[in-house]
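Report on one structure; see the data block that follows.
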Amino acid sequence: MDLTKLTITQAKQGLKNKEFSATELTEVFLAQIEKREKDMHAYLTVTDDLALAQAEKIDEKIAAGEEIGDLAGIPCAIKDIILLEGIKCTAGSKILENYIAPYDATVIQKLKKAGAIFLGKTNMDEFAMGSSTENSAFGPTRNPRDLQRVPGGSSGGSAAAVAAEECVFSLGSDTGGSIRQPASFCGVVGLKPTYGAVSRYGLMAMASSLDQIGPFAKNVADCKKVFDVIKGKDLKDSTSADFPQTTNYKLQTTNLKIGLPKEYFSQGIDPEVEKLVKQAIKKLADAGAEVKEINLPHTEYALACYYIIMPSEVSANLARYDGIKYGTSAISDKRFATSDLLDVYLKTRGHYFGAEPRRRIMLGTYTLSAGYYDAYYLKAQKVRTKVLQDFQKAFEQVDVILTPTSPTPAFKIGEKVDDPIKMYLSDIYTVPINLAGVPALSLSCGKIGNLPVGLQIIGKHFSEDLIFQVAGMCEELLRRP
Ligand code: GLN
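For the sequence shown, my numbering begins at 2 and goes up steadily by one.
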C-alpha cells in the first residue's frame, strides 16, 4: 500500500486499525519529500524532528487507547507565512530569511490540538504577492503535473505539496486567489473561506481586509475536515466571527439553483478551459439542477479596484519590516556599514524586499497619500461596495455561482514573470470574491493534456457547508464516465 496516496479519512482508518503507526506514516512522507524535493521545491523548511516527535506522542496515545483528535497523526504542510513556534518563518522573503516564529498562529494551535503532524513550511511568492511562486526569494516551486510549469501562487508550495503527495493536506492564505488559483493549477481542492471565518492571528498580514487562511486537500471531504478544525471566532483576531450553526439539510441537485455570470465567460478565457467548466456544469444540469445566466456587472472593475486597495494595505502592513524591529537588517550587513537610522531603513527595505513588494509598497504609498486618497483609495472602496452588491443581488436568485477558477491552465515558468499585468490577469476570476468577502472553493473539473482545470464554486457569506455539498456532487458526477 502506498501510504502517500491516502486521504485523511483513509489514513485515520489505517491508524485506528493499527495497519501502520503515525511514526511510520510520517516517515513515509519524509522519505517522499526527500525524493520529490529535488524537482519540486515545494518546501522551504522541513521540520522532521518536530514531525517525528509529534508522531511518537500520537502513537503513545493510540497505544494507551486515549481519545485522539480529528486529524491525529495526519501529516500536513503550512505556508511559510503562518507562524509555527520555534520554526523559521520567511514569507518567501530575504527580509525574514532568519526569522524564527515566537508563537503559534491560532490555526496552528487548533491543528496541534487536533493532532496534526507538521512536516514543514511551504514555498510561496514573497509576502504572498504573486500568482506563480516565482516571486519567492528562494526560487520557484514546480508544478508536479508538469515540471516546466508553475504551480500557481502565491500558495504554490502548499498546493504542489498536496499534489505531489508530499503531505496529506496543507494550509495556504488567499488575498486575491492564492489558494484557489494554485489549487486549480495543481489539480487539488482549495477553499478560500468567508472573510472572518478563520482566525488570522499569527498570519503575516498582506492586505488585511482581504486575507484569509484556508485548506488544500486531495478531495472535498478532506478539505471540509480541515476547515471544520480551523474555523471559528478567536478573541485574538477581532475580524473573526462565530461560524453560524449549520443546518443539517441535505442538498439535492434537483433543488439546486446555479448562476453562471456572463462576465466570467467572455474574452480572455482559454476555450478549452471554458469547455471543461461548461461540461461540468452540464452534468449538474443533467442531474436536475437549474442553471441560469446571471450578471455581475461590476466584474470588469474588480481587478483595478483590487490593485488599489491591496497595495494600499500592503504599504501599511509592510512598514513594520524596517531593519530595527526584527528581521534582516542593514546594520549587520558589512556591505552597508551604516548606523544612520534613515539609512538603515532605506538600505534594509531597498535590498531585502524583492521587486514585487517594492512595487506594491510604492503604489500603495501613492494611493494613500494626501491629495490622491480620495481619487484612488476612497473611490476603490466605493467600487468594492458595488462588487459586493452584485454578489448579494445574485444570491437572491441562486444558491451558488459557478465559474472557471483561472482563465488558463498552469503557464510555463518564466512566461509571465516580466509582465506584471499579464500575471495580475490570471486572478481575474478570483479577486472579486475577496473584495466581496464571500467563500469560494476550487476543484478540478478535467484536464487539458496533463494540466488540470479548476471549477470555482462561490457561495454567500458563511455558506461553506453548501459549497462543500455542491463540490461533493461535482466530484461524484465528474467521476462518472
Ligand atoms: N496573485 C494575487 C496577487 O498577487 C493574489 C495573491 C494572494 O491571494 N495572496 O496579489
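Built from N, CA and C at the ideal position, the CB exists for glycine as well.
* Terminal residues of the continuous alpha helix (DSSP H) containing P421? -> To locate residue 421, count along the sequence shown from 1; it is residue 420. Note, P421: alpha helix (DSSP H), P421 to L426.
* If we call anything under 8 Å between Cβ atoms a contact, is C168 one with A78? -> The sequence position of residue 168 within the sequence shown is 167, counting from 1. The sequence position of residue 78 within the sequence shown is 77, counting from 1. In contact: C168 and A78 (Cβ atoms closer than 8 Å).
* To do: Could you tell me if the beta carbon of M363 falls within a distance shorter than 7 Å of some heavy atom in the ligand GLN?
  => For this step, residue 363 is matched to residue 362 along the sequence shown. Flag unset: Cβ of M363 not near the ligand GLN.
* To do: May I ask which residues mark the beginning and end of the beta strand (DSSP E) holding I459?
  => In the sequence shown, counting from the first residue as 1, residue 459 sits at position 458. Start and end: L452 to I459.
* Asked: Is the CB-CB distance between V151 and I414 below 8 Å?
  -> For the purposes of this step, residue 151 is taken as the residue at position 150 of the sequence shown. For the purposes of this step, residue 414 is taken as the residue at position 413 of the sequence shown. Yes. Within cutoff.
* Cβ of G269 versus every heavy atom of the ligand GLN: is any distance shorter than 7 Å? -> Sequence index remark: in the sequence shown, residue 269 carries index 268 (1-based). Flag unset: Cβ of G269 not near the ligand GLN.
* **Nearest candidate by alpha-carbon position, reference K39, set T107, L51, Y100 and R143** => As a first step, residue 39 is located in the sequence shown; it is residue number 38 there, counting from the start. Comparing Cα-Cα distances from K39 to each of T107, L51, Y100 and R143, the minimum goes to R143.
* **Opening and closing residue of the beta strand (DSSP E) in which I9 lies** => Translated into positions along the sequence shown, residue 9 becomes position 8. No beta strand (DSSP E) contains I9, which is instead part of the alpha helix (DSSP H) from I9 to K17.
* **Check: T247 C-beta below 7 Å from any heavy atom of the ligand GLN** => Against the sequence shown, residue 247 aligns to sequence position 246. For the ligand GLN, not one heavy atom lies less than 7 Å from the Cβ of T247.
* To do: Taking only heavy atoms of the ligand GLN into account, decide whether any of them is closer than 7 Å to the Cβ of P27.
  => The residue given as residue 27 occupies position 26 in the sequence shown. The displayed chain sequence assigns Thr, not Pro, to residue 27. Answer for T27: no, Cβ out of range of the ligand GLN.
* Taking the DSSP output, what are the residues bridged to P216? -> Within the sequence shown, residue 216 is the residue found at index 215, counting from 1. Paired residue(s): L172.
* **3-residue-minimum beta strand (DSSP E) runs that sit fully inside the region 70-119, ordered along the chain** => 76-80
* To do: Look at the alpha carbon of I88 and the alpha carbon of I362, and state the distance between them as a whole number of angstroms.
  => Taking the sequence shown and counting its residues from 1, the one referred to as residue 88 is at position 87. Taking the sequence shown and counting its residues from 1, the one referred to as residue 362 is at position 361. Roughly 27 Å between the two C-alpha positions.
* Alpha carbon of V230 to alpha carbon of Q110, nearest angstrom -> Taking the sequence shown and counting its residues from 1, the one referred to as residue 230 is at position 229. Taking the sequence shown and counting its residues from 1, the one referred to as residue 110 is at position 109. Distance between the alpha carbons of V230 and Q110: 10 Å.
* Asked: Which term fits S137, buried or exposed, when burial requires 16 or more other beta carbons within 10 angstroms of its beta carbon?
  -> Translated into positions along the sequence shown, residue 137 becomes position 136. The residue is buried, with at least 16 neighbouring Cβ atoms inside 10 Å.
* **N- and C-terminal bounds of the alpha helix (DSSP H) containing S185** => As a first step, residue 185 is located in the sequence shown; it is residue number 184 there, counting from the start. Taken as a continuous stretch (DSSP letters only), the alpha helix (DSSP H) holding S185 covers R181 to C187.
* For P312, which residues of its own chain have a beta-carbon under 6 Å away from its beta-carbon, when the five flanking residues on both sides are left out? -> In the sequence shown, residue 312 corresponds to position 311, counting from 1. Cβ within range, chain order: R361, L364 and G365.
* To do: For D420, verify whether its CB is less than 7 Å away from any heavy atom of the ligand GLN.
  => Numbered from 1 along the sequence shown, position 419 holds the residue referred to as residue 420. For the ligand GLN, not one heavy atom lies less than 7 Å from the Cβ of D420.
* To do: Give me whichever residues DSSP pairs with A441 in a beta bridge.
  => Against the sequence shown, residue 441 aligns to sequence position 440. According to DSSP, A441 bridges with K193 and I459.
* In terms of residues, what are the limits of the beta strand (DSSP E) holding K251? -> Taking the first residue of the sequence shown as 1, we reach residue 251 at position 250. Counting along the chain, K251 falls outside any beta strand (DSSP E), and DSSP gives it neither H nor E.
* Asked: Taking only beta-carbon atoms, is Q390 less than 8 Å away from chain C?
  -> Protein chain content of the structure displayed is limited to a single chain, and chain C is not contained in it.
* the ligand GLN heavy atoms versus the CB of D175: any closer than 7 Å? -> Indexing the sequence shown from 1 puts residue 175 at position 174. Checking every heavy atom of the ligand GLN against the Cβ of D175, one is found closer than 7 Å.
* **Which of helix, strand or coil DSSP assigns to G372** => In the sequence shown, the residue the question calls residue 372 occupies position 371. In the structure shown, G372 sits in coil (DSSP, three-state: anything other than H, G, I, E or B).
* To do: Determine, using beta-carbon pairs with one atom in the region 451-469 and one in the region 167-186, whether at least three such pairs fall under 8 Å.
  => yes
* **Endpoints, the alpha helix (DSSP H) within which G157 is located** => Taking the first residue of the sequence shown as 1, we reach residue 157 at position 156. Residues G157 to A164.
* **Closer than 7 Å: M207 CB and nearest the ligand GLN heavy atom** => Locating residue 207 in the sequence shown gives position 206, where the first residue counts as 1. Within the cutoff, so yes.
* Asked: Can you tell me where the alpha helix (DSSP H) with V221 in it begins and where it stops?
  -> Within the sequence shown, numbered from 1, the residue matching residue 221 stands at position 220. First-last of the alpha helix (DSSP H) with V221: V221 to I231.
* Can we count D81 as close to the ligand GLN, meaning its CB is less than 7 Å from some heavy atom? -> For this step, residue 81 is matched to residue 80 along the sequence shown. The answer is no for D81.
* Closest by C-alpha distance to K113, when choosing among G70, D147 and I101 -> Taking the first residue of the sequence shown as 1, we reach residue 113 at position 112. When each option's Cα is compared against that of K113, the closest is G70.
* Measuring from the CB of D49, is there a heavy atom of the ligand GLN at a distance below 7 Å? -> As a position in the sequence shown, residue 49 is number 48, starting the count at 1. No - the ligand GLN has no heavy atom lying nearer than 7 Å to the Cβ of D49.
* Asked: Is A411 near the ligand GLN, going by C-beta to nearest heavy atom under 7 Å?
  -> As a position in the sequence shown, residue 411 is number 410, starting the count at 1. Result no, Cβ not under 7 Å from the ligand GLN.
* Can you tell me where the alpha helix (DSSP H) with Y307 in it begins and where it stops? -> Position 306 of the sequence shown, counting from 1, holds the residue named residue 307. Element bounds for Y307: T300 to N318.
* Are A129 and M41 close, meaning C-beta to C-beta below 8 Å? -> Sequence index remark: in the sequence shown, residue 129 carries index 128 (1-based). Sequence index remark: in the sequence shown, residue 41 carries index 40 (1-based). Result no, Cβ atoms of A129 and M41 do not sit closer than 8 Å.
* So is L379 buried or exposed if we call it buried at 16+ other beta carbons inside 10 Å? -> By one-based count along the sequence shown, residue 379 stands at place 378. Its Cβ having fewer than 16 others within 10 Å, L379 is exposed.
* Asked: Less than 8 Å separating the beta-carbons of S443 and G93?
  -> Here residue 443 refers to the residue found at position 442 when the sequence shown is read from its first residue. Here residue 93 refers to the residue found at position 92 when the sequence shown is read from its first residue. It is not a contact, given that the beta carbons lie outside the stated cut-off.
* Cutoff 6 Å; reference A162; Cβ partners in own chain excluding five residues on either side -> Sequence index remark: in the sequence shown, residue 162 carries index 161 (1-based). If we look at A162 and ignore the five residues flanking it on each side, its Cβ neighbours are A43, A78, T123, C168 and S171.
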